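Peer 1: Numbering follows this note's numbering, in which position 141 of the sequence shown is assigned residue number 156; successive positions increment by one, without gaps. Quick reminder that beta carbons are idealized off the backbone N, C-alpha and C, glycines included. Treat the numbers as computed from the prediction; the structure is a model and nothing was measured.
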Amino acid sequence: MNVGPFSKPVRWPVWSGSLLTLLSGQGLSAGLSLLYGKLTALYISPDVWGEYSLLLVAVTFVHSLLVSPTIQSFKSALGQFSHPSAIRFYGQVAGLIYLLVMPLVALLAGLYYQNPVFGLIWLVAVGQGLYQAGADYRNALGQHRQFTRLQVGYAAGALVSFGVVVVGLQHYTSIALWQSAALVNGLFAVLSITPLTRQVRPVQNPFPDRIQLFRAYQRYVTPLLSMAVWAWVLNYADRYLIRLYLTDADVGQYSMGYSLGAKLLLFASPLLAFLSPQVLSLRTQNQPPSTANPLLLRYVRPYLGLAGIACLLFFLSRNWVGTLLLSDRYSPAFDVAPLVAVGYLFLTSIHLLELKWYTFGQTRYILLHTVFGVVVNLAFNVLLIPRLGIAGAAWATAIGYAAQFALARFLFQR
């Protein structure tokens, strides 16, 4: 049976110096991230982690709706406009988001819940967005060494911040977790974004470029705004459904297992960072979108095989891995993590295919497969959580992402 390009014999990609740099940096980041997860499992109780996770999900929604589409549009604009013009325009957009829209959201949330923690949450969100923008800028330009150093530094900073604020001061609360996140995000926002500000120079007549940039931004972002809502539902609504049917502690157990299973993203991150500037160069050369297909497929197929083997080994050794990387009080999460890892096998493969659509502005395809994934995921969550608990949510994650990948693969070949 012929199922398209994925059925062809695997051609193993060349291991370039850039890819090795990204892989080594990702390996260091992965080790630091796993150590952070271990400390979290040792010092933070499931109910506190559940409370923190529910707020983090809300922050992620605002970030996905307002910030991530803007950053994706910024990277696409780097292939069409001068870099100083793009940085100036998107810096103004980011200022509007961070200084007007997000403080208003944080203020309203703080007044509604009567909780000052939303001031900290605003700092975390701003720092995360600026750090991500600076890191993605370096990656888009192929500055892999600078990107890797920033990535490893951020992972190390998160670990040190947690050790000082939470463990050192013995504050094992959700407030302390937000303080730790605000500290590291603020520091790396400054380190990440400062080089971009040096490229902005005053110009006599910025309006022609600004109008073109605004039109390109509007065309690019409009489909992504609705997609952000759907993507958030796909990735995070299961926490609220678990809270609806179960408890905060169950949310904490699931979130910890989900976080461990989602570490499969670490396998794909070097590939995403390596391929992103290559696909962007095709856009810069005015090549048609189809020219990205053979480049991406050459890496997706071996990735599926290697990551699939990793998922199988993870499943077989889940209890040992869970004890090593988490703690015994999170034992219910041990069975969740491998199922989430299978889901992320498909999700990360989708991310690799999406490089073409993001770069060439074909965001309607991303919206289509995301909406489909949401429908499948929600249906199985509602069906399985009341029957299987947090394991049902993990099964829904795996099934939903598998179905979404099937549609994304079909759309990619159109």
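1. Output the boundary residues of the alpha helix (DSSP H) element that contains P84.
2. Confirm, please, whether the CB-CB distance from V139 to W64 is below 9 Å.
3. When the Cα atoms are used, what is the spatial distance from G172 to R429?
4. For I414, I'd like the list of residues in its chain whose CB is within less than 7 Å of its CB, leaving aside the five on either flank, ordered along the chain.
5. Determine the closest residue to L49 out of L328, S342, L295, with distance taken between C-alpha atoms.
6. What residue range is occupied by the uninterrupted alpha helix (DSSP H) comprising T75?
7. Roughly how far, in whole angstroms, is the beta-carbon of Y345 from the beta-carbon of Q268, given that I think they are within contact range, below 8 Å?
8. Does the distance from the C-beta atom of P347 to that of F330 stay below 9 Å?
9. DSSP three-state call for F407: helix, strand or coil?
10. Is the CB-CB distance between L206 and G149 below 9 Å?
11. Is the distance from the Cβ of T374 to the Cβ of G94 below 9 Å?
12. Starting from L311, trace the alpha helix (DSSP H) in both directions and tell me its first and last residue.
13. Check whether the Cβ atoms of S176 and Y67 sit closer than 9 Å, and answer yes or no.
14. Out of L340, F229, S270, L249, state which residue places its alpha-carbon closest to the alpha-carbon of L382.
15. Using 10 angstroms around the beta-carbon of R213, count the other beta-carbons present and answer buried if the total reaches 16, otherwise exposed.
16. How close, in whole Å, do the beta carbons of A322 and L279 come, if the pair is a contact with beta carbons under 8 Å?
17. Going by other Cβ atoms of all chains shown within 10 Å of its Cβ, with 16 needed for buried, is L115 buried or exposed?
Peer 2: A quick look at the data gives this:
1. Its alpha helix (DSSP H) spans residues 83–92.
2. The answer is no: Cβ separation not under 9 Å.
3. One C-alpha to the other measures close to 43 Å.
4. For I414, the CB contacts under 7 Å within the same chain, skipping 5 residues up- and downstream, are V391, F395 in chain order.
5. Measuring from the Cα of L49, the nearest candidate turns out to be S342.
6. Counting along the chain, the alpha helix (DSSP H) containing T75 begins and ends at 61–77.
7. Beta-carbon to beta-carbon, Y345 and Q268 are separated by about 6 Å, close enough to satisfy the 8 Å threshold.
8. For P347 and F330, no; Cβs fall outside 9 Å.
9. According to the sequence displayed, residue 407 carries Gly and not Phe. Correct three-state label for G407: helix.
10. Yes, the Cβ-Cβ distance between L206 and G149 is below 9 Å.
11. Result yes, Cβ atoms of T374 and G94 sit closer than 9 Å.
12. Residues 307–331.
13. Using a Cβ distance threshold of 9 Å, S176 and Y67 do not count as a contacting pair.
14. When only C-alpha atoms are compared, the closest one is L249.
15. Around the beta carbon of R213, fewer than 16 other beta carbons lie within 10 angstroms, which makes this residue exposed.
16. Confirmed, Cβ separation roughly 6 Å.
17. Per the 10 Å Cβ criterion, exposed.
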